[in-house]
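Visitor: Structure in structure tokens, see below.
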Amino acid sequence: MRAKRVAVVGGGFAGLACAQTLVEAGAEVVVFEKAERLGGLASGFRARGWEWSLEHFYHHWFASDAHVKTFARKWGLEAGLRFSEPSTVMQLRSGAFRALDSAVALLRYPDLPFFDRIRMGAALALLKASRSWKSLERTTAQDWCTRTMGKKGYEAIWAPLLHGKFGMQWAGQVNMAWLWARIACRTKALGTFEGGFAVFVEGAHRALERQGVLFHLGQSLPPLTPVVGEGEFTWKVSPSEEPFDAVVVAASPGALASLVPKSPAHAIATTSANASAIVSASVSASAKSIRPSLGAQVVILSLTKSVGPHYWYSLRKTESQPFLALIEHTNFVSKTHFAGENIVYLADYVDVASPEWQRTDAQLRSLAYEVCRHINPGLVPSDLLESWVLREPFAQPIPLVNHSRHLPPLEVPGAPRVFHASMAHVYPWDRGTNFALELGERVAREALLQLRSTSS
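The sequence shown lines up with residues 81 to 536 when you count with our numbering.
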């Protein structure tokens with residue numbers, strides 16, 4: 081029996097993990113990536129004189145990220161993992177910053193009365209010990225925190241975080257399982273890779289090629305075309321490739337929509353009299369799974385001076401400070417790797433239908449610089465060496481109450497043996513490369529299961 085051919089569309093972390101899992105199972109795998117390089121949102125670049133690459137969108141790992149360690153081992157990259165404990169702080173109501181990364185820091189936190197600090201600590205210990213999130217998704221984070229931690233605790237700590245992440249419209253509707261995942265599974269120790277995430281991706285690329293995976297970079301694909309044969313069908317993905325037994329779209333919902341137009345079921349039906357036995361659902365059914373999401377706006381600044389001593393500054397989002405976090409990357413990774421420059425990210429999640437999404441690059445640069453200058457008034461315009469503005473329209477799914485009931489299926493309704501893996505499937509965990517790797521492995525196993533069942 082010939083090996084099953086599987087196309088993986090998308091060369092981010094999910095696509096790479098999917099390709100690894102498939103090729104380990106004996107599949108013939110071809111990866112298609114629209115960009116000229118692999119890595120997706122974790123791809124990077126090098127500017128003048130830099131030894132390390134810098135991620136377009138800030139990234140780090142946690143010491144608890146087991147999937148990163150597993151795939152690093154598979155790809156022979158484990159020696160390049162680097163972990164340390166950079167300083168992280170939260171902005172107080174006064175505008176000053178204070179650490180909130182330990183029980184001792186919580187006991188000293190000035191924005192909470194002493195009794196509320198004790199109450200908060202007890203609730204956090206409960207969440208850290210819990211490994212069950214199903215019941216937590218039945219209520220909002222706002223309601224759970226207010227009831228368990230107290231109104232003062234919620235307003236001092238969690239309301240600014242939720243408002244910054246999801247905006248005023250959605251902050252009160254996000255379910256508690258999402259917040260649990262941020263608390264229960266994160267560590268003070270943070271990780272990166274020697275040379276940057278792009279070097280990790282390059283190593284994965286080489287390891288997969290050694291195993292026989294083929295890559296086509298810089299290639300946009302037409303809509304998938306069903307090819308009906310003797311009692312079964314395959315999918316035509318690229319004019320230059322033979323048909324595939326299955327397709328995994330490890331990319332955004334927008335990418336899926338361009339590859340699978342409204343009804344591939346209709347296309348099959350017009351070609352095969354047996355289509356009704358093959359197709360179990362219509363693509364329109366997937367519309368029921370659509371949930372709201374936010375886009376990301378990130379400004380990267382290269383400065384001659386440091387903004388401050390910390391790596392991560394959680395900000396209180398305001399009109400003049402429209403970012404949820406300032407991340408001074410070179411307080412985590414030495415600036416010697418970046419020609420002595422101080423690298424700072426400012427990040428925001430935005431409704432793509434809002435006026436904020438329409439801010440120009442120049443407006444975002446100006447706002448970002450002013451936030452840095454507010455923290456370090458000693459900054460002057462000549463300290464800004466270079467800047468970059470990046471946007472991603474699908475960056476943060478919004479997990480509402482009972483979100484697990486609305487997760488999209490991995491197999492695309494109406495398109496048999498076409499699978500989809502995106503951040504919409506990463507739940508209750510927050511977005512990140514560790515869970516992208518887990519998702520890639522999971523969708524590959526689902527594809528293999530379906531291929532085996534149709535072969536038997």
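No residue lacks a Cβ here, since even glycine has one placed at the ideal position from N, Cα and C. Note that the coordinates shown come from a computational prediction; the quantities given were computed from them, not determined experimentally.
When DSSP labels each residue in this structure, what does Asp428 get in the three-state scheme?
Guide: Correct three-state label for Asp428: strand.
Visitor: What does a CB cutoff of less than 8 Å around Glu108 pick up in its chain, not counting 5 residues either side in sequence?
Guide: Here the set comprises Ala83, Lys84, Arg85, Val86 and Gly292.
Visitor: Under DSSP, the beta strand (DSSP E) around Ala475 begins and ends at which residues?
Guide: Note, Ala475: beta strand (DSSP E), Leu464 to Pro477.
Visitor: Between the C-alpha atoms of Gln222 and Gly156, what's the straight-line distance to the nearest angstrom?
Guide: Each residue's Cα considered, the two are about 43 Å apart.
Visitor: Secondary structure at Glu113, three-state DSSP: helix, strand or coil?
Guide: In this structure, Glu113 counts as strand in the three-state DSSP scheme.
Visitor: Do Ala105 and Val281 count as a contact pair if the criterion is CB distance below 8 Å?
Guide: Result no, Cβ atoms of Val281 and Ala105 do not sit closer than 8 Å.
Visitor: Buried or exposed: where does Asn255 fall if 16 or more other Cβ atoms within 10 Å of its Cβ makes it buried?
Guide: By the neighbour-count rule (16 or more Cβ atoms within 10 Å), Asn255 is buried.
Visitor: What are the residues that DSSP puts in a beta bridge with Asn422?
Guide: Looking at the DSSP assignment, Asn422 forms a beta bridge with Leu383.
Visitor: If you follow the beta strand (DSSP E) that Pro306 is in, where does it begin and where does it stop?
Guide: Taken as a continuous stretch (DSSP letters only), the beta strand (DSSP E) holding Pro306 covers Thr305 to Val308.
Visitor: Would DSSP call Val451 helix, strand or coil?
Guide: The answer is helix: DSSP assigns Val451 an H, G or I state.
Visitor: Output the distance between the C-alpha atoms of Ala419 and Ile407, rounded to the nearest integer angstrom.
Guide: Whole-angstrom Cα-Cα distance: 18 Å.
Visitor: Figure out for me which residue from Gln530, Ala501 and Leu529 has the closest Cα to the Cα of Phe518.
Guide: Going by the sequence as given, residue 518 is Glu instead of Phe. Checked all of Gln530, Ala501 and Leu529; the closest Cα to Glu518 is Ala501.
Visitor: Nearest by alpha-carbon distance to His136: which of Gly124, Ala146 and Ser144 is it?
Guide: Per the Cα distances, Gly124.
Visitor: Decide if the region 160-173 is in contact with the region 380-399; the criterion is three or more beta carbon pairs, one per stretch, under 8 Å apart.
Guide: Judged by Cβ distances under 8 Å, the region 160-173 makes contact with the region 380-399, as three or more pairs qualify.
Visitor: Specify the secondary structure class of Tyr391 as computed by DSSP and reduced to three states.
Guide: Note: Tyr391 maps to coil in three-state DSSP.
Visitor: So, using beta-carbon positions, are Lys208 and Ala264 closer together than 8 Å?
Guide: A contact, by the Cβ cut-off of 8 Å.
Visitor: For Arg525, which residues from the same chain have a beta carbon less than 8 Å from its beta carbon, with the 5 sequence-adjacent residues on both sides left out?
Guide: So the qualifying residues of the chain are Thr101.
Visitor: Mapping the DSSP letters down to three states, classify Arg532 as helix, strand or coil.
Guide: Helix at Arg532.
Visitor: Going along the chain, which residues of its own chain have a beta-carbon closer than 6 Å to the beta-carbon of Ser535, five neighbours each way excluded?
Guide: Hits under 6 Å: none found.
Visitor: Just to confirm, are Phe277 and His409 a CB contact at a threshold of 8 Å?
Guide: Contact flag unset, no.
Visitor: By the three-class DSSP mapping on this structure, what secondary structure does Gly175 have?
Guide: Three-state DSSP puts Gly175 in coil, outside helix and strand.
Visitor: Inspect the beta-carbon positions of Ala261 and Pro508 and report whether they are closer than 8 Å.
Guide: The answer is yes: Cβ separation under 8 Å.
Visitor: Starting from the C-beta of Glu289, find all residues in its chain whose C-beta is less than 8 Å away, skip the five residues before and the five after it, and write them out in chain order.
Guide: Phe295.
Visitor: Taking only runs of the alpha helix (DSSP H) that begin and end inside the region 198-231, which ones reach a length of at least 4 residues, in chain order?
Guide: Listed in chain order, the complete alpha helix (DSSP H) runs (minimum 4 residues) inside the region 198-231 are 221-229.
Visitor: Spell out the partners DSSP gives Lys316 in its beta bridges.
Guide: Lys316 pairs with Thr305.
Visitor: Determine the burial state of Met200: buried for a count of at least 16 other Cβ atoms within 10 Å of its Cβ, exposed for fewer.
Guide: Flag for Met200 reads buried.
Visitor: List, from N- to C-terminal side, the beta strand (DSSP E) runs of 3 residues or more that fit wholly inside the region 87-148.
Guide: Runs found: 108-113.
Visitor: Could I get the ranges of all uninterrupted beta strand (DSSP E) runs contained in the region 233-291, with 3 residues as the minimum, in chain order?
Guide: You should have 270-273.
Visitor: Using only the alpha-carbon positions, how far apart do Ser400 and Leu447 sit?
Guide: So the two alpha carbons sit approximately 7 Å from each other.
Visitor: According to DSSP, simplified to helix, strand and coil, what is Ala335?
Guide: Correct three-state label for Ala335: helix.
Visitor: For Leu381 and Ile423, I'd like the C-alpha separation in whole angstroms.
Guide: Taking the straight line from one Cα to the other gives about 6 Å.
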